[in-house]
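*Asks:* Residues in the sequence shown are numbered consecutively from 5, following the numbering used here.
Backbone N, C-alpha and C define an ideal beta-carbon position, used for all residues, glycine too.
Please read these numbers as outputs of a predicted model, since none were measured by experiment.
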Amino acid sequence: MKYDVANRRIWLKGEILNVNDAKVNVLSPTSQFGLNVFEGIPCYWNDEQKQLYAFRLSDHYDRLIRSAKLIQFDLKYTKADFTKALVDTIKANEYDENLSVRQTLFVDGFGSWGSDGPVEMFVAPIPRGRTSAEYNKKGLNCCITSWRRISDENLSPRIKCGANYINSRVGQREALRNGYDTCIFLNEAGKIAEGPGSCFFMVKGDTLITPRLTDSVLESITRDTIIKLATEELGLKFEERTIDRTEVYMADEAFLCGSAMEVTPIYTIDLYLIGTGEQGEVAKNIHLKYLECVQGKLQNRLNWLTPIY
5 MKYDVANRRI
15 WLKGEILNVN
25 DAKVNVLSPT
35 SQFGLNVFEG
45 IPCYWNDEQK
55 QLYAFRLSDH
65 YDRLIRSAKL
75 IQFDLKYTKA
85 DFTKALVDTI
95 KANEYDENLS
105 VRQTLFVDGF
115 GSWGSDGPVE
125 MFVAPIPRGR
135 TSAEYNKKGL
145 NCCITSWRRI
155 SDENLSPRIK
165 CGANYINSRV
175 GQREALRNGY
185 DTCIFLNEAG
195 KIAEGPGSCF
205 FMVKGDTLIT
215 PRLTDSVLES
225 ITRDTIIKLA
235 TEELGLKFEE
245 RTIDRTEVYM
255 ADEAFLCGSA
265 MEVTPIYTID
275 LYLIGTGEQG
285 EVAKNIHLKY
295 LECVQGKLQN
305 RLNWLTPIY
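See the structure below:
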């Protein structure tokens with residue numbers, strides 16, 4: 005049967021359990037010190053084909069393994085284990101809708117912040133409910149947060165771990181407290197980095213521009229997808245370079261992207277109107293092409309999709 009969110013089935017330590025029965029030791033290193041790495045894996049339902057597709061699953065698992073390596077986890081799971089756990093969990097819930105699947109590796113037991121194991125895993129599918137097509141009816145009003153993005157010199161944003169999101173949290177909470185929807189971080193050099201859980205793109209003239217990976221940003225799979233779709237499918241000019249703060253105020257378009265946010269336009273930054281203050285044509289075309297891609301409607305990108313059923 006198909007379960008509601010409050011009673012959905014999740015995968016924990018090799019078992020599929022009711023979410024209310026899934027328990028983690030409160031004294032474990034993951035509970036006390038945030039020792040975990042994770043992926044949020046987007047899955048899209050194609051109603052015509054009656055098929056659910058996981059998007060760029062292998063790439064998500066490659067990044068998960070890299071994160072575990074960088075944070076020095078003693079990893080016992082393989083990519084095949086990751087895939088089976090995800091597929092089994094989705095099937096156990098009989099989902100036929102868009103999902104975001106949280107797949108997390110965490111340090112269990114009674115160790116401390118220096119522990120490298122035991123490393124366990126949970127898989128929790130979360131129905132998305134809607135896509136960014138609905139969010140895009142109202143763009144984002146952003147601010148440049150006073151908090152700086154973490155850098156490779158302290159805790160690298162390349163590591164997708166729960167602890168890194170404390171940096172995201174303080175910026176986001178500041179933005180909300182001051183009446184904005186979200187924020188954009190500068191890196192330690194004072195250049196544009198990214199949003200609290202999303203990557204930043206801007207358009208100037210006929211060129212799409214985004215910060216370099218070495219400008220304190222996550223090696224985002226959505227970012228890579230947007231770049232490939234923009235250049236290879238839409239034929240757009242593209243630059244990956246350092247961006248000054250004042251450049252974004254003068255952009256013709258700007259948007260944030262990520263697995264959860266998809267492609268969402270920015271209308272204002274620090275109360276500066278971006279372009280016309282509406283979704284621009286470049287962002288709109290990228291957004292539509294992205295949705296085609298993840299829903300299995302772009303034939304030459306089907307290799308990015310893993311069917312669940």
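1. Would you say the segment 161-177 touches the segment 185-203, given that touching needs at least three Cβ pairs under 8 Å?
2. Nearest by alpha-carbon distance to residue 75: which of 160, 52, 305, 173 is it?
3. For residue 31, count neighbouring C-beta atoms within 10 Å of its own C-beta (all shown protein chains included) and say buried if the count is 16 or more, exposed if not.
4. Can you list, in chain order, the residues of its chain whose CB lies under 7 Å from that of residue 22, leaving out five sequence neighbours each side?
5. In chain order, which alpha helix (DSSP H) runs of at least 4 residues are fully inside the segment 106-157?
6. Compare the Cα-Cα distances from residue 290 to each of 307, 211, 309 and report the closest residue.
7. Looking at chain E, is there any beta carbon in it that lies within less than 7 Å of the beta carbon of residue 235?
8. Measuring alpha carbon to alpha carbon, tell me which residue in 162, 147, 303, 36 is nearest residue 176.
9. Please look up how many angstroms separate the CB atoms of residue 78 and residue 120, rounded, as I've assumed it's under 8 Å.
10. Return the CA-CA distance between residue 128 and residue 209, expressed in angstroms with no decimal places.
11. Is it the case that the Cβ atoms of residue 130 and residue 71 are separated by a distance below 7 Å?
12. Report the residue from 48, 61, 294 whose alpha carbon sits nearest the alpha carbon of residue 236.
13. Looking only at its own chain, which residues have a Cβ that is under 6 Å from the Cβ of residue 34, when we skip the five neighbours before and after it?
14. Using a threshold of 7 Å, state whether the C-beta atoms of residue 218 and residue 205 are closer than that.
15. Could you spell out where the beta strand (DSSP E) holding residue 90 opens and where it closes?
16. From 69, 285, 263, pick the residue whose C-alpha is nearest to that of residue 44; which is it?
17. How far does the alpha helix (DSSP H) with residue 72 in it extend, from its first residue to its last?
18. Let me confirm a value: residue 16 is counted as buried when at least 16 other C-beta atoms fall within 10 Å, else exposed. Which label applies?
19. Please classify residue 125: is it buried, with 16 or more other beta-carbons within 10 angstroms of its beta-carbon, or exposed?
20. Alpha carbon to alpha carbon, how far is residue 152 from residue 179?
21. Would you call the segment 239-248 in contact with the segment 301-309, where contact means no fewer than 3 C-beta pairs closer than 8 Å?
22. Determine the extent of the beta strand (DSSP E) in which residue 40 is found, giving its start and end residues.
23. Determine contact between the segment 60-68 and the segment 80-94, defined as no fewer than three beta-carbon pairs at a distance below 8 Å.
*Replies:* Taking the definition as stated:
1. yes
2. 160
3. exposed
4. 11, 13
5. 136-139
6. 211
7. In summary, chain E is missing from the structure at hand, where a single protein chain is found.
8. It is 147.
9. 4 Å
10. Rounded to the nearest whole angstrom, the C-alpha separation of residue 128 and residue 209 is 42 Å.
11. no
12. 294
13. 40, 110, 111
14. It is not a contact, given that the beta carbons lie outside the stated cut-off.
15. Segment 83-97 is the alpha helix (DSSP H) holding residue 90; no beta strand (DSSP E) there.
16. Scanning 69, 285, 263 for the CA closest to the CA of residue 44 turns up 263.
17. 61-74
18. buried
19. buried
20. 13 Å
21. No, because fewer than three Cβ pairs between the segment 239-248 and the segment 301-309 fall closer than 8 Å, the two stretches do not touch.
22. Segment 40-50, the beta strand (DSSP E) holding residue 40.
23. yes
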